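Participant:
There are 2 protein chains.
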Amino acid sequence: MKALVLFSGGIDSTTCLASAIEQHGKDNVIALSLSYGQKHDKELQSARKLAKYYNVRHMEIDVAKIFENADCSLLATSDKEIPKETYAEQLKTTQGRPVSTYVPFRNGLFLSVSASVALANDCSVIYYGIHSDDSAGNAYPDCSREFNEAMNSAIFLGSGGQLRIVAPFVGMTKADVVKKGMELGVPYEMTWSCYEGNEKPCGLCGTCRDRIKAFATNGITDPLMKAEE
Amino acid sequence: MKALVLFSGGIDSTTCLASAIEQHGKDNVIALSLSYGQKHDKELQSARKLAKYYNVRHMEIDVAKIFENADCSLLATSDKEIPKETYAEQLKTTQGRPVSTYVPFRNGLFLSVSASVALANDCSVIYYGIHSDDSAGNAYPDCSREFNEAMNSAIFLGSGGQLRIVAPFVGMTKADVVKKGMELGVPYEMTWSCYEGNEKPCGLCGTCRDRIKAFATNGITDPLMKAEE
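Going line by line, the protein sequences match chains A and B. The first sequence runs 14 to 242 under our numbering. The second sequence runs 14 to 242 under our numbering.
Given below as C-alpha cells:
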C-alpha cells in the first residue's frame, strides 16, 4: 500500500513523514509539498532537505495563484505584519473571526490537492499531521475536529472508497507529537516552522511559540532556538 | 453579497451562472474556470465567450500539474480513448469503480479551489451547478449526494462560517436545468460539453448523450447538434 504525506517541512508533518515511513517503508511513501505564495521559502527548503535525508520521492506543486487576492499576513502579496502575540491574544482583537495568518480554506485545499495527487499516483492513504492543539482556539477553523471529519468523509466518498486520510496524531498534543518524533529519531534541527523567513526563528510568532512550548514540555530546548556555540 | 460561480462553460454551470446573475446582479458575480489538462480547450473557449456575453469578471486558474500522473482518458497526458458507450454500459466493465473519464477527486479539488478563491475575493457563496442526474449511477463518486453534503460541511466549517455552497439545481434533473435555462434565456449555442475537441460535438460520449437527452425531454434539439443550414 502506497502513502502520500502532506509535508510542509515543519515539526508535525516531518514526524508524520517519519511515521508513514515506519509503517509503509520509504519506497512506498511520497512526500507532497505545496507552496502557496508565502513571504519566504524556508519551510520548502527544509522540506527538500528532509525528503533527501529520508530518501523519499518528493513532489512540489505551486498553488499561489489561488490565493493571489487573499488578505493574509503570511503571503508575499500582503503588506500586513505577521502578529507577534499569542493566538489567544490575537483572537481578542479578531472577535471570533480567523486570525490574520489564516490562509483562506488552505487545509481544505491542501487535502483536496493531496487527494487528487494520491489517486493519480496509486496511493491509498493520505498522512496528515494534524493534532489536538492545531485549531489554536478557533484561530484556524480549517483545523477543527468537525472540519477534519467532514474532509475525511468527502475524500473517502469522492474517491469511491479508494482513499482515506490517516491522522496518526489526531488525539495527541503537539508536545506528544514531539515525544513520538524523538522516539523515531526525527532530525528536528532540519525542520522550519517560523512564519518569518530570517536566518533564525523569531521565537515570537504563533507557530514559534507553539513549537518552543512543545519541546519545553518534553524537557528540551527547540534545537533551532539553541544559542550558537 | 458577492457570489463565485464554478464555471466550466457547459450547460449546467452556464445555467448556474445565469441564476447567480439573476439573484445577485452581474457586478457581484465572479465566474471561475479551472483548466486541468484536458485534451482540448473547447469548454474554456466557451467559458470565455459566455463570461464576455454576460459581462462578468472571469478568473482562470490552471491546475493541470495536480493531475499530471492521472490515468484518465480526458487528459492530454493519457493515451486512453474516451469511451463512446453510455455510463450504464461503461459501469458494467469497470465493476463498480469510477469510469475512465473520472478525474481523480476533481470536484472536491474544484470546490476547494473555489472556496479559497471565494474567500480571497470577498464572496459569501459558491454557486455550483450540480443536479440529480450528475453522479450517472456512481460513474462519478465525486458527484454523489453524500459527497456534496460532506464538501458543503467542510467548506462551511473550514471557513469559520463565512462561506457556503448554493446548489440551485440539486433536486432537479438535467432536463429541469435546461428548462430553467430556457426561461432565463441562456444562449446554449455558445456552451460546450463534448469530451472530444472537434468542431462539432461527437454526440456519442457520455456527456453528449446526457445533454442531447436533456434537450429532447424539453421537446427541442440540442442547438449544437442541429444540421448546418
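For every residue, glycine included, the Cβ atom is placed at its ideal position computed from N, Cα and C. Note that the structure is predicted; figures quoted are calculated from it, not measured.
For chain B, check one thing: does any of its Cβ atoms lie closer than 8 Å to the Cβ of L38 of chain A?
Facilitator: This sequence places Gly at residue 38 of chain A; Leu is not what is there. Closer than 8 Å: no.
Participant: Under 8 Å, Cβ to Cβ, is there at least one residue of chain B near R110 of chain A?
Facilitator: yes
Participant: Exposed or buried, E187 of chain A, counting other C-beta atoms within 10 Å across all chains shown (16 or more means buried)?
Facilitator: Residue identity differs from the one stated: residue 187 of chain A is Lys in this sequence, not Glu. Burial call: buried.
Participant: Between which two residues does the alpha helix (DSSP H) carrying E212 of chain B extend?
Facilitator: Unbroken run through E212 of chain B: none, as it is neither H nor E.
Participant: From D92 of chain A to P96 of chain B, what does the alpha carbon distance come to, in whole angstroms?
Facilitator: 50 Å
Participant: With contact counted as at least three CB pairs below 8 Å, one residue from each stretch, are the stretch 139–153 of chain B and the stretch 134–150 of chain A in contact?
Facilitator: Counting Cβ pairs under 8 Å, fewer than three are found: no touch.
Participant: In the DSSP assignment, the beta strand (DSSP E) including M164 of chain B goes from what residue to what residue?
Facilitator: Counting along the chain, M164 of chain B falls outside any beta strand (DSSP E), though it belongs to the alpha helix (DSSP H) covering 158–171.
Participant: Helix, strand or coil for A33 of chain B per DSSP?
Facilitator: helix
Participant: According to DSSP, V42 of chain B sits in a beta bridge with which residue or residues?
Facilitator: B:A16
Participant: Could you spell out the range, first to last residue, of the alpha helix (DSSP H) harbouring Y100 of chain A?
Facilitator: Note, Y100 of chain A: alpha helix (DSSP H), 100–107.
Participant: With a Cβ-Cβ cutoff of 8 Å, do A133 of chain A and F80 of chain B count as a contact?
Facilitator: Between A133 of chain A and F80 of chain B, the C-beta gap is smaller than 8 Å, which places the two residues in contact.
Participant: So which residues on chain A does I168 of chain B lean against when the C-beta distance must stay under 8 Å?
Facilitator: F118, G121
Participant: T106 of chain B: buried (16+ other C-beta within 10 angstroms of its C-beta) or exposed?
Facilitator: exposed
Participant: Can you look up Q175 of chain A in the DSSP assignment and give me helix, strand or coil?
Facilitator: coil
Participant: Distance check for A31 of chain A and V5 of chain A, CA to CA, integer angstroms please.
Facilitator: The shown model of chain A, from 14 to 242, leaves out residue 5 of chain A, and the question about it has no answer.
Participant: So, at 7 Å on beta carbons, what are the nonlocal neighbours of F12 of chain A in its own chain, with the 5 sequence-adjacent residues on each side left out?
Facilitator: No answer is possible for residue 12 of chain A: it lies beyond the span of chain A, which begins at 14 and ends at 242.
Participant: In three-state terms, what does DSSP make of E242 of chain B?
Facilitator: At E242 of chain B the pLDDT is 44, less than 50, meaning the model places this residue with poor confidence; the figure from the coordinates comes in the next sentence. Residue state, collapsed to three classes: coil.
Participant: Under a CB-based cut-off of 8 Å, is V18 of chain B close to chain A?
Facilitator: no
Participant: Excluding five sequence neighbours on each side, which residues of the same chain lie with their C-beta closer than 8 Å to the C-beta of V116 of chain B?
Facilitator: Y49, F80, A83, C85, L87, L88
Participant: Let me confirm a value: N211 of chain A is counted as buried when at least 16 other C-beta atoms fall within 10 Å, else exposed. Which label applies?
Facilitator: Under this definition N211 of chain A is an exposed residue.
Participant: Restricting to Cα atoms, I'd like to know which of B:F20, B:E196, B:E162, B:A163 is closest to V70 of chain B.
Facilitator: A small fix is needed here, since residue 70 of chain B is Arg in this sequence, not Val. Considering only alpha carbons, the answer is B:F20.
Participant: List, in order along the chain, the chain B residues whose C-beta lies closer than 7 Å to that of K78 of chain A?
Facilitator: I74
Participant: What residue from A:C136, A:T234, A:A60, A:D135 has the CA that sits closest to K192 of chain A's CA?
Facilitator: A:T234
Participant: Could you have a look at E81 of chain B and say whether DSSP puts it in helix, strand or coil?
Facilitator: coil
Participant: Any beta carbon from chain B within less than 8 Å of I69 of chain A's own beta carbon?
Facilitator: For the sequence presented, residue 69 of chain A should be read as Val rather than Ile. Interface with chain B (8 Å Cβ-Cβ cutoff): V69 of chain A is excluded.
Participant: Thinking C-beta only, is V18 of chain B closer than 8 Å to A44 of chain B?
Facilitator: yes
Participant: Tell whether a beta-carbon distance below 8 Å holds between V76 of chain A and V138 of chain A.
Facilitator: no
Participant: With C-beta atoms as the reference, is A229 of chain A less than 8 Å away from C136 of chain A?
Facilitator: no
Participant: State the DSSP-derived secondary structure class of Y66 of chain A, mapped to helix, strand or coil.
Facilitator: Note: Y66 of chain A maps to helix in three-state DSSP.
Participant: Which residues in chain A sit within 7 Å of N41 of chain B, going by Cβ to Cβ distance?
Facilitator: The premise fails here: N41 of chain B is roughly 16 Å from chain A at the closest Cβ pair, so nothing lies under 7 Å.
Participant: Sort A:D54, A:Q51, A:I34 by Cα distance to N68 of chain A and report the nearest one.
Facilitator: A:I34
Participant: Among residues of its own chain, excluding the 5 on either side of M185 of chain A, which ones have a beta-carbon nearer than 7 Å to its beta-carbon?
Facilitator: H144, S145
Participant: Determine, using beta carbons only, whether G171 of chain A comes closer than 8 Å to chain B.
Facilitator: At a cut-off of 8 Å between beta carbons, G171 of chain A contacts chain B.
Participant: By the criterion of Cβ-Cβ separation under 7 Å, what are the contact partners of V130 of chain B in chain A?
Facilitator: I79
Participant: Using a C-beta to C-beta distance shorter than 7 Å, which residues of chain B count as neighbours of A60 of chain A?
Facilitator: Per Cβ cutoff of 7 Å: no residues; A60 of chain A is ~17 Å from chain B at best.
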